[in-house]
Amino acid sequence: MSLSSSVIPVVVLVAVVGSVAVAQPRTAPVRERKARQFTLRAEEPPVLLPLRVAAQEVTTVTFDAPIVPDSVDRAALAPFFSRVGVYADALVLKASVDLPSGTRPVITVRFAGPGAPSQVGFVLTTVDGEVDSQVEVFRLGRSAQDLGRELADLRARCAVTEAGLATLRAQCAFSGLGGAVLTGAVTSKGVTVTYLSEAPTRIGMDAEGPHTLYRAGSTRALATLLSNPTDGAPWVPGFARVTPRLSEGRVLPAHESPLIMREKHLEPGARAVVVVEWQVPPEATPGTRFTLELWDRNGERGVRWEQVAP
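The opening residue of the sequence shown carries number 39 in this note's numbering; numbering runs sequentially from there.
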């Protein structure tokens, strides 16, 4: 056997192994979406503001003063972004890839009309764990009255959040079967179990049966096995939306609550049991049906059941 003939199989083997390695799918990292604010000051020297972007994530930047859309260099962003939208007071970016290490594109946005500062610059980066989802840029600054209103709004939101947390704390204090009896979730009539025969509408996710519906008093709980497709992005549990529809056609206000799931997220191809709990409203009449929706934290991917009997 000649030397050249003995080398050929080795070369072919390396090429095949290399092609298999390239074909391996990469799992997109899970990043927390952040909202940030920047206030520009005319008396201070201009600095580049950091803007954290990531593959397949939408970053929206809003301005409190009109901007010049043509001032943004779209061509410089084209290699990294599938969408670059520039409007009178907003900039919308959707990255097609994570920015490579050491790559930090810079974009400049000019403001329309007189005044200072005349422009603002951003340096784009990709970091682990976080991505900017909503960024507000204030050129004109905010008055003491504006800050006072914002503080009052934050205090009101905190009060509502604290009230919700107090309810959750009370529920946690009465956990287990004994707690269910004390709270009235389980009565002497017991718990009945049925199964949803209808398959849900799939919106980027799959739900595998059996879909088990528990009934105890006015409390309902649905348990299903949620599956993330192998070609999907990581799925982070969000909320359930339950909409009562009365027999005469009237629709009652929808109720939203967090999904109950042990796992923090589902990687592509993973499965987990998800539970949604709700109360049958007092206004419900015979023939009332519910629409059940299970969504991720962005309300984009999930499953939906229509015409669920209470």
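Heads up, the beta-carbon is just placed ideally off N, CA and C, and yes, glycines get one too.
Could you give the C-beta distance for residue i and residue j, rounded to a whole number, given that I count them as a contact under 8 angstroms?
i: V314; j: A278; result: 4 angstroms
i: L251; j: T232; result: 5 angstroms
i: V175; j: F328; result: No, V175 and F328 are not in contact; Cβ-Cβ is about 43 angstroms, not under 8 angstroms.
i: L131; j: F119; result: 6 angstroms
i: R177; j: A103; result: 4 angstroms
i: R258; j: V341; result: Wrong, their Cβ atoms sit about 17 angstroms apart, outside the cutoff.
i: P306; j: T268; result: 5 angstroms
i: T100; j: S171; result: No, T100 and S171 are not in contact; Cβ-Cβ is about 12 angstroms, not under 8 angstroms.
i: P272; j: H303; result: 5 angstroms
i: G242; j: G270; result: 6 angstroms
i: S285; j: G325; result: 3 angstroms
What are the boundary residues of the beta strand (DSSP E) that includes residue i?
i: L115; result: Here L115 belongs to no beta strand (DSSP E); instead the alpha helix (DSSP H) covers 112-115.
i: R342; result: 340-346
i: E331; result: 327-334
i: T250; result: 244-254
i: T281; result: 275-283
i: A80; result: First-last for A80: undefined, no H or E at that position.
i: S265; result: 257-265
i: S295; result: 293-296
Around the Cβ of residue i, are there at least 16 other Cβ atoms within 10 angstroms (buried) or fewer (exposed)?
i: V144; result: exposed
i: V358; result: The structure shown does not extend to residue 358, since the chain is modelled only from 39 through 348, so no value can be given for it.
i: S265; result: buried
i: P275; result: buried
i: Q62; result: The pLDDT assigned to Q62 is 45, lower than 50, so where the model puts this residue is not dependable, and the model offers no usable value.
i: R339; result: buried
i: V49; result: Only weak support exists for where V49 lies, its pLDDT of 37 falling under 50; the value from the coordinates is given anyway. Classification of V49: exposed, given that the 10 Å Cβ count is below 16.
i: D111; result: exposed
i: V60; result: For V60, the predicted structure reports a pLDDT of 45, less than 50, and the residue's modelled location is therefore unreliable. The matter cannot be settled from this model.
i: E331; result: buried
i: P83; result: exposed
i: G136; result: The amino acid at residue 136 is misidentified as Gly; the sequence shows Asp. It is buried - the Cβ of D136 has at least 16 other Cβ atoms within 10 Å.
So, do the region 191-201 and the region 118-126 have three or more beta carbon pairs nearer to each other than 8 angstroms?
no
Can you check the region 95-171 for any beta strand (DSSP E) of at least 3 residues that lies completely inside it and give the ranges in chain order?
96-101, 119-124, 128-133, 144-148, 157-163
Would the region 158-165 count as touching the region 81-101 if we require 3 or more Cβ pairs under 8 angstroms?
Contact between the region 158-165 and the region 81-101 is present, because at least three Cβ pairs lie under 8 angstroms.
Do the region 88-102 and the region 163-170 meet, that is, are 3 or more Cβ pairs less than 8 angstroms apart?
yes
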